[in-house]
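In terms of the working numbering, the sequence shown opens at residue 14 and continues consecutively. No residue lacks a Cβ here, since even glycine has one placed at the ideal position from N, Cα and C. For clarity, every value in this text was computed on a predicted model and none was experimentally measured.
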Amino acid sequence: MVKKINRLSARTIATLSKPGRHADGGGLYLKVDAGGAKRWTFMWMRAGRQREAGLGSVIAVPLVKAREIAASYRAVLADGGDPIESRQKAQAEKQGRKTFGDVANEFLLANEPSWRNAKHRAQWRMTLEVYGKALMPVPVENIETTTVLEALKPIWQTKPETASRLRGRIEAVLDAARVAGHTPADRLNPARWKGHLDKLLPKPNKLSRGHHAAMPYLDVPRFVSRLRERETIGALALEFLILTAARTGEALGAEWPEFDLAEKLWTVPAARMKAGREHRVPLPPRAVEIIEQLAKVRTGAVAFPGQRLDKPLSNMALEMALRRLGVHDATVHGFRSAFRDWCGEETHFPREIAEAALAHVTGDKTELAYRRGDALEKRRSLMEAWGEFLTPSRNPASIDRAATSGSTPGRPFPSQ
Numbered sequence: 014m015v016k017k018i019n020r021l022s023a024r025t026i027a028t029l030s031k032p033g034r035h036a037d038g039g040g041l042y043l044k045v046d047a048g049g050a051k052r053w054t055f056m057w058m059r060a061g062r063q064r065e066a067g068l069g070s071v072i073a074v075p076l077v078k079a080r081e082i083a084a085s086y087r088a089v090l091a092d093g094g095d096p097i098e099s100r101q102k103a104q105a106e107k108q109g110r111k112t113f114g115d116v117a118n119e120f121l122l123a124n125e126p127s128w129r130n131a132k133h134r135a136q137w138r139m140t141l142e143v144y145g146k147a148l149m150p151v152p153v154e155n156i157e158t159t160t161v162l163e164a165l166k167p168i169w170q171t172k173p174e175t176a177s178r179l180r181g182r183i184e185a186v187l188d189a190a191r192v193a194g195h196t197p198a199d200r201l202n203p204a205r206w207k208g209h210l211d212k213l214l215p216k217p218n219k220l221s222r223g224h225h226a227a228m229p230y231l232d233v234p235r236f237v238s239r240l241r242e243r244e245t246i247g248a249l250a251l252e253f254l255i256l257t258a259a260r261t262g263e264a265l266g267a268e269w270p271e272f273d274l275a276e277k278l279w280t281v282p283a284a285r286m287k288a289g290r291e292h293r294v295p296l297p298p299r300a301v302e303i304i305e306q307l308a309k310v311r312t313g314a315v316a317f318p319g320q321r322l323d324k325p326l327s328n329m330a331l332e333m334a335l336r337r338l339g340v341h342d343a344t345v346h347g348f349r350s351a352f353r354d355w356c357g358e359e360t361h362f363p364r365e366i367a368e369a370a371l372a373h374v375t376g377d378k379t380e381l382a383y384r385r386g387d388a389l390e391k392r393r394s395l396m397e398a399w400g401e402f403l404t405p406s407r408n409p410a411s412i413d414r415a416a417t418s419g420s421t422p423g424r425p426f427p428s429q
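As structure tokens, this is what we get:
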């Protein structure tokens with residue numbers, strides 16, 4: 014049933030004296046105070062919480078004007094926006110003031126060219142636009158400690174790493190606002206941690222840091238055996254990721270020029286690496302087979318294409334490959350942990366070699382300055398041993414422990 018609007022009349026408004034809220038409909042209310050003062054308010058729900066915006070007294074804002082404002086607020090809500098944030102932004106623009114969003118965009122445009130890769134740039138922007146969304150329309154000089162806390166508290170306990178990054182990025186934007194003269198030069202940055210927010214929030218190192226759920230390494234060979242029964246690009250991509258101990262983005266973003274199959278080598282450019290350094294990956298025999306198999310049906314630049322042949326598979330394709338085989342208590346990234354556990358428990362390769370295989374930067378600055386090579390041949394032996402461990406025929410006991418399930422072959426190399 015559609016709720017009625019325009020319930021009140023000018024006469025009713027003039028004669029109402031009972032304290033409380035009186036609905037005009039569509040979120041618009043007339044509030045009568047105990048002393049008889051009358052004012053307009055607009056109410057709505059957001060994320061399960063009731064929100065309220067005052068529109069002014071009935072003397073300053075007549076009924077017709079109040080209904081116009083209420084209609085504009087309903088339009089904002091219909092577009093997924095927030096009336097208070099929309100009003101703050103409009104007021105700031107009218108007065109020629111900068112909002113937090115304005116300064117954030119200027120900061121990103123100025124600094125993005127210097128950041129190491131597109132993923133890092135996207136993470137910066139996403140953190141501010143998604144988790145700092147409530148700050149974006151607020152005039153930057155109006156950002157207070159309470160404003161910052163409202164953005165941080167919902168994720169401070171549940172997503173500590175994201176919350177810590179958000180705090181640092183808010184602080185950086187507010188520092189930029191101060192330097193640009195949008196806020197007073199002597200004003201304390203309300204997002205500052207030491208001596209400020211550290212008195213109001215628990216320290217990050219006391220928060221539980223989430224880890225990617227990993228499959229026990231002894232179970233990985235039997236999983237690979239089941240994975241090889243599926244004739245999809247998603248299954249091949251996941252197996253390649255496991256064989257190379259690569260990150261999801263590194264594997265799915267692989268392009269043909271990065272492979273030297275004669276040398277059994279995959280070179281990931283610095284722009285696609287988390288640490289911003291080129292990473293050479295020696296390919297075990299099965300990984301070479303996968304790339305050769307895909308090369309026969311090569312359609313574009315990427316080795317693991319999705320539905321759009323010029324674009325790589327989505328991250329979800331690998332997650333779905335896990336789920337379709339009944340794995341719900343492990344993640345794709347967790348295979349890197351399984352590889353590292355195998356290195357420590359089953360091999361005698363030095364820790365530095367295992368960490369280098371994961372593209373982790375270890376050691377202090379002095380040690381790194383003297384370590385010029387990347388131990389490629391030592392890592393080749395490690396990756397070949399890992400490939401042998403994953404080969405089902407070499408691990409019959411591991412395979413026998415698993416209850417394998419059949420699969421239905423699809424068209425040649427469907428994406429999932």
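> Nearest-angstrom Cα distance between E252 and E291?
Replying inline: Here residue 252 corresponds to residue number 239 of the sequence shown, with the count starting at 1. Here residue 291 corresponds to residue number 278 of the sequence shown, with the count starting at 1. So the alpha carbons of these two residues sit roughly 22 Å apart.
>> Between the stretch 323–339 and the stretch 258–272, can you find at least three pairs of beta-carbon atoms closer than 8 Å?
In response: yes
> In chain order, what residues of the same chain have a beta carbon less than 6 Å from the beta carbon of V89, not counting five sequence neighbours either side?
Replying inline: Here residue 89 refers to the residue found at position 76 of the sequence shown. For V89, where only same-chain residues beyond five positions count, the Cβ hits under 6 Å are P96, S99.
> With I303 and L274 assumed to form a contact (beta carbons below 8 Å), what rounded beta-carbon distance in angstroms separates them?
Replying inline: The residue you call residue 303 lines up with position 290 of the sequence shown. The residue you call residue 274 lines up with position 261 of the sequence shown. Incorrect: roughly 11 Å between the Cβ atoms, too far for contact.
>> Classify K166: buried if its beta carbon has 16 or more other beta carbons within 10 angstroms, exposed otherwise.
In response: In the sequence shown, residue 166 corresponds to position 153, counting from 1. Per the 10 Å Cβ criterion, exposed.
> Below 8 Å between beta carbons: does that hold for M58 and E65?
Replying inline: Taking the first residue of the sequence shown as 1, we reach residue 58 at position 45. Taking the first residue of the sequence shown as 1, we reach residue 65 at position 52. No, the Cβ-Cβ distance between M58 and E65 is not below 8 Å.
> Can you tell which of R353, A370, G313 has its C-alpha closest to the C-alpha of D387?
Replying inline: Counted from its first residue, the sequence shown places residue 387 at position 374. With distances taken between Cα atoms, D387 lies closest to A370.
> For R20, which residues of its own chain have a beta-carbon under 7 Å away from its beta-carbon, when the five flanking residues on both sides are left out?
Replying inline: Residue mapping note: residue 20 aligns to position 7 of the sequence shown, counting from 1. So the list reads A36, D37, G38, once near-sequence residues are dropped.
>> What does the alpha-carbon distance come out to for the pair T28 and W206?
In response: For the purposes of this step, residue 28 is identified with residue 15 of the sequence shown, where counting begins at 1. For the purposes of this step, residue 206 is identified with residue 193 of the sequence shown, where counting begins at 1. In a straight line, the C-alpha of T28 is about 54 Å away from that of W206.
>> Between which two residues does the alpha helix (DSSP H) holding R321 run?
In response: Locating residue 321 in the sequence shown gives position 308, counting from the first residue. Where R321 is concerned, there is no enclosing alpha helix (DSSP H), given that its DSSP letter is neither H nor E.
>> So for Q170, helix, strand or coil by DSSP?
In response: Numbered from its first residue, the sequence shown carries residue 170 at position 157. Coil, per DSSP.
> What are the uninterrupted segments assigned as alpha helix (DSSP H) that are 4 or more residues long and contained completely in the stretch 332–370, given in chain order?
Replying inline: 347–359, 364–370
>> With distance defined between alpha-carbon atoms, name the residue in V151, T140, A193 nearest to E174.
In response: Along the sequence shown, one-based indexing puts residue 174 at 161. It is T140.
>> For the stretch 182–198 against the stretch 242–251, do three or more pairs of beta-carbon atoms, one drawn from each stretch, fall closer than 8 Å, so that the two count as touching?
In response: no
> Near V192, what residues of its chain come up, given a Cβ to Cβ distance below 8 Å and the 5 sequence neighbours on each side ignored?
Replying inline: Start at 1 with the first residue of the sequence shown, and residue 192 comes out as number 179. Result list for V192: empty, nothing under 8 Å.
> Along the chain, where does the alpha helix (DSSP H) that runs through W399 open and close?
Replying inline: Looking up residue 399 in the sequence shown gives position 386. It spans 389–403 - the alpha helix (DSSP H) in which W399 sits, taken as one unbroken run.
>> Which same chain residues end up closer than 7 Å to A83 when comparing Cβ atoms and leaving out the 5 residues on each side of it in sequence?
In response: As a working mapping, residue 83 is identified with position 70 in the sequence shown. Around A83: G39, G40, L41, F55.
> For L210, which of E163, S238, T245 has the nearest alpha-carbon?
Replying inline: As a first step, residue 210 is located in the sequence shown; it is residue number 197 there, counting from the start. Among E163, S238, T245, the Cα nearest to that of L210 is on E163.
>> Using a 10 Å radius around the Cβ and a threshold of 16 neighbouring Cβ atoms, would you call W279 buried or exposed?
In response: Indexing the sequence shown from 1 puts residue 279 at position 266. It counts as buried.
>> Tell me the residue span of the alpha helix (DSSP H) that contains L90.
In response: Here residue 90 corresponds to residue number 77 of the sequence shown, with the count starting at 1. Looking at the DSSP string, the run of the alpha helix (DSSP H) that includes L90 is 76–91.
> Which residues does DSSP pair with V192 in a beta bridge?
Replying inline: Counting from 1 along the sequence shown, the entry for residue 192 is found at position 179. Answer is none; V192 lacks a bridge partner.
> Between which two residues does the alpha helix (DSSP H) harbouring G115 extend?
Replying inline: Looking up residue 115 in the sequence shown gives position 102. Gly is not the amino acid found at residue 115; the sequence shown has Asp there. Per DSSP, D115 belongs to the alpha helix (DSSP H) from 113–124.
>> Quick check on DSSP: helix, strand or coil for K212?
In response: Taking the first residue of the sequence shown as 1, we reach residue 212 at position 199. Helix, per DSSP.
> Is it buried or exposed for A227, if we count other Cβ within 10 angstroms and need 16 for buried?
Replying inline: As a working mapping, residue 227 is identified with position 214 in the sequence shown. A227 is buried by the Cβ-count criterion.
>> According to DSSP, simplified to helix, strand and coil, what is G33?
In response: Residue numbering aside, residue 33 sits at position 20 when the sequence shown is read from its first letter. Strand.
>> Could you give the first and the last residue of the continuous alpha helix (DSSP H) run that contains E154?
In response: Counting from 1 along the sequence shown, the entry for residue 154 is found at position 141. Element bounds for E154: n/a, residue is neither H nor E.
>> Taking the beta carbon of Q63 as the centre, do at least 16 other beta carbons fall within 10 Å, making it buried, or is it exposed?
In response: Here residue 63 refers to the residue found at position 50 when the sequence shown is read from its first residue. Exposed.
>> Quick check on the burial criterion: 16 or more other C-beta atoms within 10 angstroms. Buried or exposed for G48?
In response: Position 35 of the sequence shown, counted from the first residue, corresponds to residue 48. Exposed, since its Cβ has fewer than 16 Cβ neighbours within 10 Å.
>> Going by DSSP in three states, G145 sits in which element: helix, strand or coil?
In response: The residue given as residue 145 occupies position 132 in the sequence shown. DSSP places G145 in coil when its eight states are reduced to three.
>> Here's a check: name, in chain order, each residue in its chain whose Cβ is nearer than 6 Å to the Cβ of A314, leaving out the five neighbours to either side.
In response: Residue mapping note: residue 314 aligns to position 301 of the sequence shown, counting from 1. These residues qualify, in order along the chain: E268.
>> Please report the distance separating the alpha-carbon of A272 from that of H341.
In response: One-based indexing of the sequence shown puts residue 272 at position 259. One-based indexing of the sequence shown puts residue 341 at position 328. Per the sequence shown, residue 272 should be read as Phe rather than Ala. Each residue's alpha carbon lies about 32 Å from the other.
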